[in-house]
Amino acid sequence: MHWNPRPALGGAPCEPRPCRLGSLSCCHSKGGPCVTCFLFVHRRRPDVITTTDWLAPVIWEGTFNRRVLGKHYRNRNLTMGLAVFAISRIADQYLERFLESAKKHFMTGYRVVFYITVDDLDKMPDVDPGPLQTFQVFTLQEEIWWQDFDLLRMRNLGEHIVQHIQGEVDFLFSMATNQIFQSDVGVETLGASVAQLHAWWYFKSTKDFPYERRRRSAAYIPYGKGDFYYDSAFVGGTPQQVLNLIEEYLKGVLQDKQNGLNSSYENHLNKYFFLNKPTKLLSPEYNWDVTFYPPPQVQFVKVAQHPKRRPWP
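Be aware that the sequence shown starts at 1, since it is given in full-length UniProt numbering, and climbs by one per residue.
Okay, structure coming up:
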């Protein structure tokens, strides 16, 4: 396989207001941008993009200082949320492995609430939460299985955010069940609006991205436009920012339906982040597709995305 690495952009602070703590620059806070100090070490990763054109950091191994981040966040009394939607065969295939790996590697040392949606409580594996961790398990009504999987998943998450999640956690991440943690994923990923770079399309030209090209679709992005191609499997931020994404997606689906169109959730997500730039981007290391051999730029796979069968029985 031929890889075409994209050159790194020049190092720059992730927000216009620099922090006066050596090489630290302000990135985000519990309620929005520009409080938390984030250490960039651009000289260590000249092979990749570490800052976007709108000055958002792109997180790769070697671009942050775990010690500094840990010291900053440890006393901030934060609670993290991790939502996963596992129905039918997806639950059978991966849910236990997902939970076991997340227990071990996701935000260790911080309070974490796992929001787990299954279609049958019998599908919930015999996995107990670890220290500082809580499981909240929800069931899905059988009569709505037939609907579009991503539409069902995101609408369900949006309802839970409104009903209770927004009052329970400071940051929320939504992941796919077939993503298995390989190593620690911690506070370096926190931001008001967090997007995941697609493992395959990051190494391709923007002109080749599979954006929605039908003009009548709400997800339409014109040729020659666009920044990156984002993976819909991993998204995060504050609960309000995640809810904003979901609401725009649902509005886009309704608009497309009225026009006789049907675009994917991933296309709508890419349109959302094209118009509403994420404040932090996660490198392909945080969602590497195991069907591809990692190129030299992917030095440390933190989350491995495994193949999945169609979710319905």
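Beta carbons: idealized from backbone N, C-alpha and C, even for Gly.
(message) Checking the sheet assignment: what are the DSSP bridge partners for Leu69?
(response) Its beta-bridge partners do not exist; DSSP assigns none.
(request) Could you check what DSSP says for Arg230 in three-state terms: helix, strand or coil? (result) First, the residue type needs correcting, since residue 230 is Tyr and not Arg in the sequence shown. The answer is strand: DSSP assigns Tyr230 an E or B state.
(request) Identify every run of the alpha helix (DSSP H) within the stretch 48-126, keeping only runs that are complete inside it and at least 4 residues long; order them along the chain. (result) 66-73, 96-105
(message) Distance check for Ile87 and Glu168, CA to CA, integer angstroms please.
(response) 24 angstroms
(request) Report yes if the CB atom of Val58 is closer than 8 angstroms to the CB atom of Ser283, and no otherwise. (result) yes
(request) Report the three-state DSSP secondary structure of Pro295 (helix, strand or coil). (result) coil
(request) Starting from Val303, follow the beta strand (DSSP E) in both directions and report where the run begins and ends. (result) 303-305
(message) Can you tell me where the alpha helix (DSSP H) holding Leu190 begins and where it ends?
(response) Looking at the DSSP string, Leu190 is not in any alpha helix (DSSP H), and its letter there is neither H nor E.
(message) If contact is defined by three or more beta carbon pairs under 8 angstroms, each pair taking one atom from either stretch, is the stretch 192-203 in contact with the stretch 231-243?
(response) yes
(request) Helix, strand or coil for Tyr265, going by three-state DSSP, please let me know. (result) helix
(request) Alpha carbon to alpha carbon, how far is Leu254 from Ala218? Give it in angstroms, no decimals. (result) 9 angstroms
(message) In whole angstroms, give me the CA-to-CA distance for His306 and Val290.
(response) 6 angstroms
(message) In whole angstroms, give me the CA-to-CA distance for Gly186 and Met107.
(response) 5 angstroms
(message) Starting from Ile180, trace the beta strand (DSSP E) in both directions and tell me its first and last residue.
(response) 179-181
(message) Quick check: the Cα distance between Trp54 and Val242, rounded to an integer number of angstroms?
(response) 20 angstroms
(message) Just to confirm the assignment, what range does the beta strand (DSSP E) spanning Lys280 have?
(response) 280-282
(message) What does the Cβ neighbour count give for Arg45, buried or exposed, with the cut at 16 atoms within 10 Å?
(response) buried
(message) Tell me which residue opens and which closes the alpha helix (DSSP H) that Phe173 is part of.
(response) First-last for Phe173: 171-175, but that is the beta strand (DSSP E), not the alpha helix (DSSP H).
(request) Output yes or no for whether 8 angstroms exceeds the beta carbon distance between Val118 and Thr134. (result) no
(message) Can you give me the C-alpha to C-alpha distance between Ser174 and Val84, rounded to a whole angstrom?
(response) 6 angstroms
(request) Give, in chain order, every unbroken run of the alpha helix (DSSP H) that is at least 4 residues long and sits entirely within the stretch 200-261. (result) 239-258
(message) I need the straight-line Cα distance from Ala102 to Leu172, nearest angstrom please.
(response) 14 angstroms
(message) As a quick exercise: from Gly81, Asn244, Ala304, pick the residue whose alpha carbon is nearest that of Asn178.
(response) Ala304
(request) Could you please give the first and the last residue of the uninterrupted alpha helix (DSSP H) stretch that includes Gln163? (result) 149-163
(request) Check whether the Cβ atoms of Glu96 and Pro125 sit closer than 8 angstroms, and answer yes or no. (result) yes
(request) State buried or exposed for Pro16, treating a residue as buried only when at least 16 other CB atoms are found within 10 Å of its CB. (result) Its pLDDT being 34, under 50, Pro16 is placed unreliably by the model, and nothing is read from it.
(request) Starting from the C-beta of His105, find all residues in its chain whose C-beta is less than 7 angstroms away, skip the five residues before and the five after it, and write them out in chain order. (result) Phe181, Ser183, Asp184, Val185
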